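Per my numbering, the sequence shown starts with residue 956, numbered consecutively. Using N, Cα and C, we set each Cβ at its ideal position, and we do this for glycine too. Note that the structure is predicted; figures quoted are calculated from it, not measured.
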Amino acid sequence: MIQVEGSVLKLSGPVTIETHVAVRDSAAPHIGQADWAIDWAGVSEVDSSALSLIFAWLRASQAQGQTIRNVNLPANLKSLAELYGVAELLPA
């Protein structure tokens, strides 16, 4: 699900309603502890729950004075963000 490489959290597999709790829990020890890049290149499937994770991670990071940024966002996740009107809020 999550592999740590330096300051990059590499996600893999699906990030969907079925897996988002496991992904969230895997990331929890890291988010807010440092500045992170979240790499989505290994993600095979997403749904709107992936957006909720991004915003939860953003809030947790900001609360601790840290930052996150997303790299290699899947095209369909970008499309969902545009559809919901939140694309400009995604940390890039």
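Start-to-end residues for the alpha helix (DSSP H) that takes in residue i
i	result
Leu1013	1003-1018
His1050	No information on residue 1050 is available, as it lies outside the stretch 956 to 1047 that the chain covers here.
Strand pairing of residue i, partner residues [DSSP]
i	result
Val970	Val1001
Lys965	Gln958, Asp994
Asn1025	Ile993
CB-CB length for residue i against residue j, believed under 8 Å
i	j	result
Ser1016	His975	Not quite, the Cβ-Cβ distance comes to about 17 Å (not below 8 Å), so this is no contact.
Leu966	Gly997	6 Å
Residue from the options whose Cα sits closest to the Cα of residue i
i	options	result
Gln958	Tyr1039, Trp995, Gln1019, Glu1043	Trp995
Ser981	Pro1029, Trp1012, Met956, Val1026	Met956
DSSP-derived helix/strand/coil call for residue i
i	result
Asp990	coil
Ala996	strand
Leu1038	helix
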